[in-house]
Amino acid sequence: MRLERYALLSVAAAVATIALKGVAWWITDSVGLLSDALESFVNLAAAVLAFSMLRLAATPPDKEHPYGFSKAEYLAAGIEGALIVLAAAGILFAALPRLVNPAPIETPGLGLGLSVAASVINLAVAQVLLRAGREHHSITLEADGKHLMTDVWTSAGVIAGVALVFLTGWLRLDPLIALAVAAHIVWTGVGLMRRSVAGLLDAAISAGEQDELTKLFAEYSRRYGVSFHALRTRQAGARRFVSFHLLVPDSWTVAKAHQLSEEIESRMRAMVPNASITTHIEPISDPASYDDQELDR
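Taken in order, the sequence shown gives residues 2 to 298; the numbers are from our numbering.
Here is the structure:
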(Lines of atoms letter the chains of each structure in order from A; the text may use other names.)
(Lines give C-alpha, C1' and ligand atoms only; values in the text may rest on other atoms or scores of the structure.)
Protein backbone atom coordinates (compact mmCIF):
# COMPACT_ATOMS: atom_id res chain seq x y z
CA MET A 2 0.00 0.00 0.00
CA ARG A 3 1.48 3.34 -1.05
CA LEU A 4 2.01 5.73 1.86
CA GLU A 5 -0.06 8.45 0.18
CA ARG A 6 -3.16 6.33 0.69
CA TYR A 7 -2.73 6.56 4.44
CA ALA A 8 -2.65 10.34 4.10
CA LEU A 9 -5.89 10.21 2.08
CA LEU A 10 -7.45 8.23 4.93
CA SER A 11 -6.43 11.05 7.24
CA VAL A 12 -8.01 13.60 4.89
CA ALA A 13 -11.30 11.70 4.93
CA ALA A 14 -11.23 11.48 8.73
CA ALA A 15 -10.57 15.22 9.02
CA VAL A 16 -13.52 16.09 6.77
CA ALA A 17 -15.82 13.82 8.78
CA THR A 18 -14.71 15.19 12.15
CA ILE A 19 -14.97 18.81 10.97
CA ALA A 20 -18.59 18.18 10.05
CA LEU A 21 -19.41 16.43 13.35
CA LYS A 22 -17.57 18.86 15.61
CA GLY A 23 -18.83 21.88 13.68
CA VAL A 24 -22.42 20.80 14.23
CA ALA A 25 -21.64 20.06 17.88
CA TRP A 26 -20.32 23.60 18.38
CA TRP A 27 -23.19 25.17 16.41
CA ILE A 28 -25.93 23.56 18.53
CA THR A 29 -24.17 24.11 21.89
CA ASP A 30 -22.35 27.45 21.38
CA SER A 31 -19.52 26.05 23.52
CA VAL A 32 -16.07 27.57 22.97
CA GLY A 33 -14.60 24.31 24.27
CA LEU A 34 -16.23 22.45 21.40
CA LEU A 35 -15.30 25.31 19.06
CA SER A 36 -11.64 24.84 20.01
CA ASP A 37 -12.01 21.15 19.22
CA ALA A 38 -13.55 21.94 15.82
CA LEU A 39 -10.79 24.42 14.97
CA GLU A 40 -8.15 21.81 15.62
CA SER A 41 -9.90 19.54 13.12
CA PHE A 42 -9.34 22.17 10.42
CA VAL A 43 -5.65 21.94 11.25
CA ASN A 44 -5.95 18.16 10.93
CA LEU A 45 -7.33 18.61 7.42
CA ALA A 46 -4.57 20.99 6.36
CA ALA A 47 -1.96 18.68 7.87
CA ALA A 48 -3.39 15.63 6.09
CA VAL A 49 -3.38 17.40 2.71
CA LEU A 50 0.20 18.52 3.36
CA ALA A 51 1.21 14.99 4.38
CA PHE A 52 -0.24 13.62 1.16
CA SER A 53 1.73 16.07 -0.99
CA MET A 54 5.00 15.59 0.91
CA LEU A 55 4.74 11.79 0.87
CA ARG A 56 4.21 11.92 -2.88
CA LEU A 57 7.27 14.17 -3.24
CA ALA A 58 9.36 11.95 -0.93
CA ALA A 59 8.53 8.93 -3.11
CA THR A 60 9.80 10.68 -6.26
CA PRO A 61 12.86 8.88 -7.70
CA PRO A 62 16.25 10.65 -7.50
CA ASP A 63 17.28 12.84 -10.42
CA LYS A 64 20.46 14.60 -11.54
CA GLU A 65 19.84 17.63 -9.31
CA HIS A 66 18.79 15.48 -6.31
CA PRO A 67 20.89 12.29 -6.44
CA TYR A 68 19.95 11.35 -2.85
CA GLY A 69 16.23 11.61 -3.54
CA PHE A 70 13.54 13.70 -1.87
CA SER A 71 12.99 11.81 1.40
CA LYS A 72 13.67 14.92 3.51
CA ALA A 73 10.39 16.35 2.26
CA GLU A 74 8.79 14.41 5.12
CA TYR A 75 10.52 16.66 7.66
CA LEU A 76 9.03 19.71 5.94
CA ALA A 77 5.57 18.19 6.38
CA ALA A 78 6.15 17.53 10.09
CA GLY A 79 7.51 21.05 10.68
CA ILE A 80 4.70 22.81 8.84
CA GLU A 81 2.15 20.64 10.64
CA GLY A 82 3.64 21.79 13.95
CA ALA A 83 3.33 25.42 12.87
CA LEU A 84 -0.31 24.89 11.87
CA ILE A 85 -1.05 23.46 15.30
CA VAL A 86 0.34 26.60 16.93
CA LEU A 87 -1.84 28.76 14.65
CA ALA A 88 -4.89 26.75 15.68
CA ALA A 89 -4.03 27.47 19.31
CA ALA A 90 -4.01 31.18 18.53
CA GLY A 91 -7.51 30.88 17.06
CA ILE A 92 -8.70 29.08 20.19
CA LEU A 93 -7.31 31.84 22.40
CA PHE A 94 -9.08 34.45 20.28
CA ALA A 95 -12.40 32.66 20.77
CA ALA A 96 -11.99 31.72 24.44
CA LEU A 97 -10.74 34.93 26.07
CA PRO A 98 -13.91 37.01 25.42
CA ARG A 99 -16.06 34.15 26.73
CA LEU A 100 -13.92 34.05 29.87
CA VAL A 101 -14.89 37.69 30.54
CA ASN A 102 -18.53 37.26 29.52
CA PRO A 103 -19.55 33.61 30.13
CA ALA A 104 -22.57 32.21 28.28
CA PRO A 105 -24.69 29.08 28.84
CA ILE A 106 -24.24 25.91 26.80
CA GLU A 107 -27.22 24.81 24.71
CA THR A 108 -28.28 21.20 24.02
CA PRO A 109 -25.14 19.66 25.58
CA GLY A 110 -26.26 16.02 25.20
CA LEU A 111 -26.48 16.03 21.41
CA GLY A 112 -23.31 18.12 21.07
CA LEU A 113 -21.32 15.74 23.25
CA GLY A 114 -22.63 12.74 21.35
CA LEU A 115 -21.42 14.18 18.04
CA SER A 116 -18.04 15.02 19.55
CA VAL A 117 -17.66 11.47 20.87
CA ALA A 118 -18.42 10.07 17.39
CA ALA A 119 -15.74 12.31 15.88
CA SER A 120 -13.22 11.22 18.51
CA VAL A 121 -13.85 7.55 17.74
CA ILE A 122 -13.07 8.22 14.06
CA ASN A 123 -9.85 10.04 14.97
CA LEU A 124 -8.78 7.29 17.36
CA ALA A 125 -9.21 4.57 14.74
CA VAL A 126 -7.37 6.50 12.02
CA ALA A 127 -4.58 7.56 14.42
CA GLN A 128 -3.83 3.94 15.27
CA VAL A 129 -3.63 3.04 11.57
CA LEU A 130 -1.27 5.95 10.86
CA LEU A 131 0.99 5.26 13.84
CA ARG A 132 1.29 1.59 12.91
CA ALA A 133 2.05 2.45 9.28
CA GLY A 134 4.54 5.14 10.32
CA ARG A 135 6.51 2.68 12.47
CA GLU A 136 6.34 -0.05 9.85
CA HIS A 137 7.50 2.16 6.98
CA HIS A 138 9.75 4.48 9.06
CA SER A 139 7.73 7.51 7.93
CA ILE A 140 7.97 10.57 10.19
CA THR A 141 5.10 12.16 8.24
CA LEU A 142 2.61 9.39 9.00
CA GLU A 143 3.87 9.14 12.57
CA ALA A 144 3.49 12.90 13.07
CA ASP A 145 -0.01 12.85 11.61
CA GLY A 146 -0.95 9.91 13.83
CA LYS A 147 0.39 11.63 16.94
CA HIS A 148 -1.47 14.77 15.96
CA LEU A 149 -4.73 12.85 15.72
CA MET A 150 -4.07 11.18 19.08
CA THR A 151 -3.55 14.65 20.55
CA ASP A 152 -6.93 15.58 19.08
CA VAL A 153 -8.47 12.50 20.73
CA TRP A 154 -7.15 13.44 24.18
CA THR A 155 -8.12 17.06 23.60
CA SER A 156 -11.65 16.01 22.71
CA ALA A 157 -11.84 13.81 25.80
CA GLY A 158 -10.94 16.80 27.96
CA VAL A 159 -13.42 19.05 26.20
CA ILE A 160 -16.23 16.49 26.48
CA ALA A 161 -15.56 16.02 30.20
CA GLY A 162 -15.41 19.78 30.71
CA VAL A 163 -18.63 20.53 28.87
CA ALA A 164 -20.37 17.81 30.85
CA LEU A 165 -19.10 19.39 34.09
CA VAL A 166 -20.34 22.81 32.97
CA PHE A 167 -23.78 21.32 32.43
CA LEU A 168 -23.75 19.55 35.82
CA THR A 169 -22.26 22.35 37.93
CA GLY A 170 -23.46 25.46 36.12
CA TRP A 171 -19.97 27.01 36.31
CA LEU A 172 -19.94 28.73 32.90
CA ARG A 173 -16.34 29.96 33.05
CA LEU A 174 -15.15 26.36 33.05
CA ASP A 175 -15.97 26.19 29.32
CA PRO A 176 -13.46 28.88 28.20
CA LEU A 177 -10.92 27.63 30.75
CA ILE A 178 -11.04 24.22 29.10
CA ALA A 179 -10.53 25.86 25.71
CA LEU A 180 -7.44 27.67 27.04
CA ALA A 181 -6.07 24.37 28.41
CA VAL A 182 -6.63 22.79 25.01
CA ALA A 183 -4.70 25.63 23.37
CA ALA A 184 -1.74 25.15 25.73
CA HIS A 185 -1.73 21.40 25.12
CA ILE A 186 -1.71 21.61 21.33
CA VAL A 187 1.00 24.30 21.38
CA TRP A 188 3.19 21.81 23.23
CA THR A 189 2.48 19.20 20.56
CA GLY A 190 3.16 21.64 17.73
CA VAL A 191 6.48 22.78 19.17
CA GLY A 192 7.55 19.16 19.59
CA LEU A 193 6.82 18.39 15.94
CA MET A 194 8.75 21.45 14.78
CA ARG A 195 11.76 20.51 16.91
CA ARG A 196 11.80 17.00 15.46
CA SER A 197 11.52 18.39 11.95
CA VAL A 198 14.49 20.72 12.48
CA ALA A 199 16.56 17.85 13.92
CA GLY A 200 15.88 15.80 10.78
CA LEU A 201 16.79 18.64 8.44
CA LEU A 202 20.08 19.01 10.32
CA ASP A 203 21.11 15.44 9.42
CA ALA A 204 20.48 13.80 12.79
CA ALA A 205 22.13 10.42 13.36
CA ILE A 206 20.22 7.15 13.38
CA SER A 207 18.93 5.93 16.75
CA ALA A 208 21.39 5.09 19.53
CA GLY A 209 20.14 1.50 19.51
CA GLU A 210 20.93 1.09 15.82
CA GLN A 211 24.36 2.65 16.30
CA ASP A 212 25.08 0.20 19.13
CA GLU A 213 24.21 -2.71 16.84
CA LEU A 214 26.67 -1.43 14.23
CA THR A 215 29.40 -1.07 16.86
CA LYS A 216 28.85 -4.68 17.97
CA LEU A 217 29.08 -5.80 14.34
CA PHE A 218 32.41 -3.99 13.93
CA ALA A 219 33.76 -5.66 17.07
CA GLU A 220 32.71 -9.09 15.80
CA TYR A 221 34.48 -8.70 12.43
CA SER A 222 37.56 -7.18 14.05
CA ARG A 223 37.96 -10.34 16.17
CA ARG A 224 37.24 -12.74 13.30
CA TYR A 225 39.41 -11.23 10.55
CA GLY A 226 41.91 -8.87 12.21
CA VAL A 227 40.42 -5.87 10.44
CA SER A 228 39.60 -2.47 11.91
CA PHE A 229 36.97 0.23 11.44
CA HIS A 230 36.69 3.96 11.92
CA ALA A 231 34.95 7.11 10.63
CA LEU A 232 31.45 5.72 11.17
CA ARG A 233 28.87 8.34 10.19
CA THR A 234 25.10 7.97 10.03
CA ARG A 235 22.16 10.20 9.20
CA GLN A 236 18.44 9.97 8.61
CA ALA A 237 16.39 11.49 5.82
CA GLY A 238 12.74 10.59 6.26
CA ALA A 239 12.41 6.84 5.80
CA ARG A 240 15.94 6.57 4.39
CA ARG A 241 19.11 5.92 6.42
CA PHE A 242 22.65 6.66 5.29
CA VAL A 243 25.68 4.90 6.78
CA SER A 244 29.34 5.33 5.84
CA PHE A 245 32.50 3.90 7.41
CA HIS A 246 36.11 3.01 6.67
CA LEU A 247 37.19 -0.65 6.63
CA LEU A 248 40.90 -1.17 7.31
CA VAL A 249 42.19 -4.54 6.05
CA PRO A 250 45.60 -6.31 6.18
CA ASP A 251 48.02 -5.10 3.50
CA SER A 252 48.32 -8.62 2.04
CA TRP A 253 44.64 -8.83 1.15
CA THR A 254 43.58 -8.61 -2.47
CA VAL A 255 41.02 -6.06 -3.56
CA ALA A 256 38.61 -8.91 -4.29
CA LYS A 257 38.91 -10.31 -0.74
CA ALA A 258 38.41 -6.88 0.86
CA HIS A 259 35.43 -6.24 -1.40
CA GLN A 260 33.88 -9.61 -0.55
CA LEU A 261 34.14 -8.87 3.18
CA SER A 262 32.68 -5.37 2.77
CA GLU A 263 29.71 -6.83 0.86
CA GLU A 264 29.08 -9.30 3.67
CA ILE A 265 29.25 -6.54 6.31
CA GLU A 266 26.96 -4.25 4.33
CA SER A 267 24.42 -7.04 3.88
CA ARG A 268 24.23 -7.59 7.63
CA MET A 269 23.99 -3.85 8.22
CA ARG A 270 20.97 -3.55 5.94
CA ALA A 271 19.22 -6.16 8.05
CA MET A 272 19.93 -4.07 11.17
CA VAL A 273 19.13 -0.66 9.70
CA PRO A 274 16.10 -0.71 7.35
CA ASN A 275 16.17 1.37 4.16
CA ALA A 276 19.91 2.02 4.58
CA SER A 277 22.23 3.27 1.86
CA ILE A 278 25.73 2.13 2.91
CA THR A 279 29.09 3.41 1.69
CA THR A 280 32.34 1.61 2.59
CA HIS A 281 35.84 3.02 2.11
CA ILE A 282 38.58 0.34 2.16
CA GLU A 283 42.08 1.21 3.40
CA PRO A 284 45.33 -0.67 4.25
CA ILE A 285 45.53 -1.19 7.99
CA SER A 286 49.29 -0.48 8.33
CA ASP A 287 49.46 2.71 6.27
CA PRO A 288 49.65 5.81 8.55
CA ALA A 289 47.73 7.80 5.95
CA SER A 290 44.74 5.54 6.58
CA TYR A 291 44.29 7.19 9.98
CA ASP A 292 44.44 10.80 8.80
CA ASP A 293 40.95 10.92 7.28
CA GLN A 294 38.71 10.06 10.22
CA GLU A 295 37.20 13.54 10.58
CA LEU A 296 34.54 14.98 8.30
CA ASP A 297 36.86 17.82 7.27
CA ARG A 298 40.22 16.20 6.59
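Idealized CB from N, CA, C, for every residue including glycine. As the structure is a computational prediction, the values presented were derived from the model and not from experiment.
- Between the region 56-71 and the region 168-179, the count of C-beta pairs closer than 8 Å stays below three; the two stretches do not touch.
- Assigned with DSSP and collapsed to three states, A231 falls in strand.
- G162 and L174 have their C-alpha atoms roughly 7 Å apart.
- Segment contact: the region 47-64 against the region 229-236, fewer than three CB-CB distances shorter than 8 Å; contact not assigned.
- Secondary structure of V243 (DSSP, three-state): strand.
- Taking G192 as the centre and dropping the five residues before and after it, the same chain places the C-beta of G82 closer than 8 Å to its C-beta, in chain order.
- In this structure V101 is exposed. Its beta-carbon is surrounded by fewer than 16 other beta-carbon atoms within 10 angstroms.
- For S277, no alpha helix (DSSP H) encloses it; the enclosing beta strand (DSSP E) starts and ends at A276 to P284.
- By a beta-carbon distance limit of 8 Å, V249 contacts P284. Their separation comes to about 7 Å.
- Assignment of L202 by DSSP, reduced to helix, strand and coil, places it in the coil class.
- Considering only H259, L50 and E266, the residue with the shortest C-alpha distance to S244 is E266.
- Sorting I206, M54, A88 and T254 by C-alpha distance to the C-alpha of D152 places A88 at the top.
- The Cβ-Cβ distance between I122 and A17 falls below 7 Å.
- Taken atom to atom, the span from the alpha-carbon of M54 to that of A208 is near 27 Å.
- About 4 Å separates the beta carbon of L131 from that of G146, a gap short enough to meet the 8 Å contact definition.
- About 19 Å separates the Cβ atoms of G79 and M150, ruling out a contact at the 8 Å cut-off.
- Residue pairing from DSSP leaves Q294 without any beta-bridge partner.
- Using a Cβ distance threshold of 7 Å, L50 and A77 count as a contacting pair.
- Within its own chain, the residues whose Cβ lies closer than 6 Å to the Cβ of L115, once the five positions on either side in sequence are excluded, are L21, V24 and A25, listed in chain order.
- For F70, no alpha helix (DSSP H) encloses it, and the DSSP letter there is neither H nor E.
- Looking only at A199, S139, L124 and T189, the smallest Cα-Cα distance to A157 is reached by L124.
- With a 10 Å radius around the Cβ and a threshold of 16 neighbouring Cβ atoms, K216 comes out exposed.
- The three-state secondary structure of V273, taken from DSSP, is coil.
- DSSP, reduced to helix, strand and coil, places A59 outside both helices and strands of the structure shown, so it counts as coil.
- Between the beta-carbon of E74 and that of G238 there is about 4 Å, and that keeps the pair under the 8 Å contact cut.
- Between S286 and D251, the CB-CB gap stays under 7 Å.
- For V249, DSSP records a beta bridge to P284.
- Closest in alpha carbon position to L10, among I28, A47 and L34, is A47.
- With fewer than 16 other CB atoms across the displayed protein chains lying within 10 angstroms of its CB, L202 is exposed.
- Q236 is bridged by DSSP to R241.
- Counting the other CB atoms within 10 Å of its CB gives G170 a total below 16, which places it among the exposed residues.
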